[in-house]
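**Q**
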Amino acid sequence: MSLSVEATKELSGSCSTTASTTRWRRHDTHWVISLFGTAVGAGILFLPINLGLGGIWPLVIVAVLAGPMTFLAHRGLARFVLSSSRPHADFTEVAEEHFGKMAGRLMSALYFLSIFPILLIYGVGLTNTVESFMVNQLGMATPDRVMLSGVLVFAMIAVMLAGEKAMLRAFAFMVYPLAAILAALSCYLIPQWHWPEVTALEGVDFLNTVWLALPVTVFAFSHAAAISGFANVQRREYGEQAEAKSGLILRNTTVMLVGFVLFFVFSCVLSLSPAQLAEAKAQNVSVLSYLANITDNPVIVTLGPLIAFIAISSSFLGHFLGARESLKSLIAKPTGLSLAKADKLGIALMFFAIWGAAIINPGILGLMETLSGPVIAMILFIMPVIAIYKVEALARFRHGWTNGFILLTGSLAVSALIFSLLK
Numbered sequence: 093m094s095l096s097v098e099a100t101k102e103l104s105g106s107c108s109t110t111a112s113t114t115r116w117r118r119h120d121t122h123w124v125i126s127l128f129g130t131a132v133g134a135g136i137l138f139l140p141i142n143l144g145l146g147g148i149w150p151l152v153i154v155a156v157l158a159g160p161m162t163f164l165a166h167r168g169l170a171r172f173v174l175s176s177s178r179p180h181a182d183f184t185e186v187a188e189e190h191f192g193k194m195a196g197r198l199m200s201a202l203y204f205l206s207i208f209p210i211l212l213i214y215g216v217g218l219t220n221t222v223e224s225f226m227v228n229q230l231g232m233a234t235p236d237r238v239m240l241s242g243v244l245v246f247a248m249i250a251v252m253l254a255g256e257k258a259m260l261r262a263f264a265f266m267v268y269p270l271a272a273i274l275a276a277l278s279c280y281l282i283p284q285w286h287w288p289e290v291t292a293l294e295g296v297d298f299l300n301t302v303w304l305a306l307p308v309t310v311f312a313f314s315h316a317a318a319i320s321g322f323a324n325v326q327r328r329e330y331g332e333q334a335e336a337k338s339g340l341i342l343r344n345t346t347v348m349l350v351g352f353v354l355f356f357v358f359s360c361v362l363s364l365s366p367a368q369l370a371e372a373k374a375q376n377v378s379v380l381s382y383l384a385n386i387t388d389n390p391v392i393v394t395l396g397p398l399i400a401f402i403a404i405s406s407s408f409l410g411h412f413l414g415a416r417e418s419l420k421s422l423i424a425k426p427t428g429l430s431l432a433k434a435d436k437l438g439i440a441l442m443f444f445a446i447w448g449a450a451i452i453n454p455g456i457l458g459l460m461e462t463l464s465g466p467v468i469a470m471i472l473f474i475m476p477v478i479a480i481y482k483v484e485a486l487a488r489f490r491h492g493w494t495n496g497f498i499l500l501t502g503s504l505a506v507s508a509l510i511f512s513l514l515k
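Counting in our numbering, the sequence shown runs from 93 upward without gaps.
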């Protein structure tokens, strides 16, 4: 019996689709780079100080947990977005579909509010970094802050408006040098390594240190802001195979992220004593700034501003992607505007808000980042696990130990953040 022409075409197309999802493509590499860039923000420059202060054993434990936490949590969020019955649903629409209109809108508003303060922080940080470089390294006069911040914020947003391909190219342009510089600097510090003082594990104090380090780990490796847009692109690109391909891309992103970042963290921590790390924290400076100050090393002095600029810029793009998507839906639903008009209005509102923050240069942005932290942990770790046991489309993921692991580590991260705020 021979197949009909239509059946033959359908079978051929199916085989082609399956082959395309198992083969690694340039598209997949671009998204690994984009998600890496979203995660590696300015916080990486403070990460060695925050993680290294607790001693070597908590750092080792956190290093072991970082990979599984990062991969499983982001894969869970991507699966949640892909679980919608609508092919192009964003986070807001998926949340409304599974949890009802009111709960969905509340979650979407919290999601936006968890991302937006970070954009304000990056707007201020980008302006300060470029201004400092122009004055201290290039010997220029202090530029007009209104003009400088406006040009920088507009340039970042213009990359996003240029489309997906331009955004991915911009990520590749920034992140490849960032990864290379991080690796080179980590290797450069190796001759200064000294074996840390290894103390016995001290029960409650040790567990308390690891507990309080979990939020730092969560947010140092978080690329949750870009996951909704990422998942939708994979659904468009791979159809029914989007879930499997998303998991593969996220796995490779985690390997790259954890490898480069932890090498940098360990290299910095092993180059400094606990007393020096405490001094750096007291001075509220990045680890590169502190290293430059105590060694007067021209390599570190030169690379510091460059790493900060690239890290802030790449992370800005990824967070803007998530904020833009969620704000568009939040504006369109109650106002009745079309998604296109709501998108333009949302972009304009965010541009002026970020520009205004960069001009004012407020000192409360660290607090805003801390307040957004518990929401990110709840959306990234806790909500997808709840959805697995509530949403029938996710029922096939209910088995295994991973759900308990993510729920436990996410709950510990949220509780540690709340404890730190109350303290």
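Positions of the beta carbon are idealized from the N, C-alpha and C atoms, including for glycine.
Excluding the 5 residues preceding and the 5 following A271 in the sequence, name in chain order all residues of the same chain whose CB lies nearer than 6 Å to its CB.
**A** Within the same chain, A271 has close Cβ partners F352.
**Q** Can S126 and L260 be called in contact, C-beta distance under 9 Å?
**A** In this structure, L260 lies closer than 9 Å to S126 by Cβ.
**Q** Given this structure, state the Cα-to-Cα distance separating D182 from G331, to the nearest angstrom.
**A** Cα to Cα, the separation comes out at about 16 Å.
**Q** On the DSSP letters alone, give me the boundaries of the alpha helix (DSSP H) that R118 sits inside.
**A** Segment R118 to A131, the alpha helix (DSSP H) holding R118.
**Q** Can you tell me whether L211 is helix, strand or coil according to DSSP?
**A** Here L211 sits in helix by DSSP.
**Q** So, at 7 Å on beta carbons, what are the nonlocal neighbours of S96 in its own chain, with the 5 sequence-adjacent residues on each side left out?
**A** Because the pLDDT of S96 is 42, which lies under 50, any placement of that residue in the model is unreliable, and the number read from its coordinates should be weighed accordingly. Cβ within range, chain order: n/a, list empty.
**Q** For Y481 and L230, I'd like the C-alpha separation in whole angstroms.
**A** Taking the straight line joining both Cα atoms gives about 57 Å.
**Q** Less than 9 Å separating the beta-carbons of T407 and T130?
**A** At residue 407 the sequence reads Ser, which differs from the Thr that was named. It is a contact, given that the beta carbons lie within the stated cut-off.
**Q** Kindly list the residues whose CB is nearer than 6 Å to the CB of I471, restricted to its own chain and excluding five residues on each side of it in sequence; keep chain order.
**A** Only Y203 meet the Cβ criterion.
**Q** How close, in whole Å, do the beta carbons of A505 and V347 come, if the pair is a contact with beta carbons under 8 Å?
**A** Not a contact, Cβ separation roughly 22 Å.
**Q** Within its chain, find whatever has a CB closer than 8 Å to the CB of L253; leave out the 5 residues flanking it on each side and keep chain order.
**A** Excluding positions up to five away in sequence, the list reads I439.
**Q** Mind checking W123: buried by the 16 CB within 10 Å criterion, or exposed?
**A** Classification of W123: buried, given that the 10 Å Cβ count is 16 or more.
**Q** State yes or no: is the C-beta of A424 nearer than 8 Å to some heavy atom of the ligand SAH?
**A** Judged by which ligands are present, the structure shown has none, so any question about the ligand SAH falls away.
**Q** Spatial neighbours of M248 within its chain, please: CB distance less than 8 Å, with the 5 preceding and 5 following residues excluded, ordered by chain position.
**A** Cβ neighbours of M248 beyond the five flanking positions: L218, S405, F408, L409 and F412.
**Q** According to DSSP, is S378 helix, strand or coil?
**A** Of the three classes helix, strand and coil, the one that applies to S378 here is coil, per DSSP.
**Q** Spatial neighbours of K373 within its chain, please: CB distance less than 7 Å, with the 5 preceding and 5 following residues excluded, ordered by chain position.
**A** Result list for K373: I141 and L145, in chain order.
**Q** Rank G255, S224 and E335 by C-alpha distance to the C-alpha of S241 and give the top, closest one.
**A** Residue S224 is the option with its Cα nearest to S241.
**Q** Under 6 Å Cβ to Cβ from L369, same chain only, skipping five residues before and after it: list those, please.
**A** So the list reads I141, G144 and L145, once near-sequence residues are dropped.
**Q** Taking 8 Å as the threshold, find out whether the region 299-318 comes into contact with the region 146-162 through three or more Cβ pairs.
**A** The answer is yes - the region 146-162 touches the region 299-318, with three or more Cβ pairs under 8 Å.
**Q** For H551, count the other beta carbons within 10 Å of its own beta carbon; 16 or more makes it buried, fewer makes it exposed. Which is it?
**A** Because the chain here runs from 93 to 515, residue 551 falls outside it and cannot be looked at.
**Q** Roughly how many angstroms separate the alpha carbons of L137 and G428, rounded to a whole number?
**A** Roughly 43 Å between the two C-alpha positions.
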